[in-house]
Amino acid sequence: MSTHRFMRHSLHLFSYKIQTRQPLSADSINAHETFKNAVLQKLDACKIDVGNSWFSEKAYFPLDNFVNKHNWCIWGTENLHIAVPSSAHPSKVIVWDAISSRGLIGPFFRRQMITAAKHLHILHEFVATQNALEDYRNSSWFMQDGARPHQMAEVFDFLGEYFDDYVVALDYEIAYTKWHGFASLFTRFDAM
48 MSTHRFMRHS LHLFSYKIQT RQPLSADSIN AHETFKNAVL QKLDACKIDV GNSWFSEKAY
108 FPLDNFVNKH NWCIWGTENL HIAVPSSAHP SKVIVWDAIS SRGLIGPFFR RQMITAAKHL
168 HILHEFVATQ NALEDYRNSS WFMQDGARPH QMAEVFDFLG EYFDDYVVAL DYEIAYTKWH
228 GFASLFTRFD AM
């Protein structure tokens, strides 16, 4: 008998994971719904080719012995709603990659926080890799989250030039769809 089965069926305990959440306001929820519906309409009208889209994502991996909450569960008869303190500014490694139906480009690793210059350098590496793998000028869509370094003018100039303004990003003025901060939920690889 597995440990999980024993805990669940013999001891009648349940597995609870530590949760971290950012509360959403009613306006954020409405903006999320509006964005979702606009994207679905564009997909139905064939204005966005998901098969020709790159979804970028980054993840932070702390170096201070913090245990990933996905691997950390508490067994009990009820949820204890435990919050665990962590350091405000832990050392971390940032991993960035992009995925599409044509493959995965990356991962690219950085030791420090992402700045606009570092993000732009990663985008140049991404484009160089993509150009090496493909024989034609890029006509793909590119989607990125709304992190502050991703919203700098030089980043938008690069994305607009390389992706011919087929960009979905927070505060990208030429955007085909109004984007908001929580729309980055659509780019999560673990949801794919």
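Position in the sequence shown (first residue = 1) + 47 = my numbering. Even for Gly, the Cβ is constructed at its ideal location relative to N, Cα and C.
Exercise. For the putative contact between residue 53 and residue 123, defined by C-beta atoms under 8 angstroms, what is the C-beta separation to the nearest angstrom?
Worked result: That pair is no contact at about 15 angstroms.
Exercise. With contact counted as at least three CB pairs below 8 angstroms, one residue from each stretch, are the region 156-173 and the region 72-92 in contact?
Worked result: no
Exercise. Out of curiosity, what's the CA-to-CA distance linking residue 98 and residue 158?
Worked result: 32 angstroms
Exercise. Rounded C-beta distance between residue 109 and residue 89? I'm assuming under 8 angstroms.
Worked result: Residue 109 to residue 89, Cβ: 37 angstroms. No contact.
Exercise. Taking the Cβ atom as the reference point for each residue, do residue 191 and residue 175 lie within a distance shorter than 8 angstroms?
Worked result: no
Problem set entry | Cβ neighbour criterion (16 or more within 10 Å) applied to residue 179 | exposed
Exercise. If you check the beta carbons only, do residue 205 and residue 187 fall under 8 angstroms apart?
Worked result: no
Exercise. Which same chain residues, not among the five before or five after residue 107, have their C-beta less than 6 angstroms away from its C-beta?
Worked result: 139 and 141
Exercise. For residue 151, does the count of other Cβ atoms within 10 angstroms reach 16, so buried, or fall short, so exposed?
Worked result: exposed
Exercise. Since residue 259 is in the beta strand (DSSP E), which residue starts that stretch and which ends it?
Worked result: Because the chain here runs from 48 to 239, residue 259 falls outside it and cannot be looked at.
Problem set entry | Pairwise C-alpha distance: residue 94 and residue 169 | 27 angstroms
For this session: To the nearest angstrom, report how far apart residue 64 and residue 86 are at their CA atoms.
Result: 32 angstroms
Problem set entry | For residue 144, the first and last residue of its enclosing beta strand (DSSP E) | 139-147
For this session: Tell me whether residue 200 is buried or exposed, calling it buried when 16 or more other Cβ atoms sit within 10 Å of its Cβ.
Result: exposed
Exercise. Relative to the C-alpha of residue 136, which residue among 111, 153 and 147 is closest?
Worked result: 111
Exercise. Does the distance from the C-beta atom of residue 181 to that of residue 155 stay below 8 angstroms?
Worked result: no
Problem set entry | Candidates 102, 56, 51 and 212: closest to residue 149 by CA position | 102
For this session: Just the C-alpha distance for residue 49 and residue 125, rounded to the nearest angstrom, thanks.
Result: 21 angstroms
Problem set entry | Residues that DSSP places opposite residue 5 in a beta bridge | The structure shown does not extend to residue 5, since the chain is modelled only from 48 through 239, so no value can be given for it.
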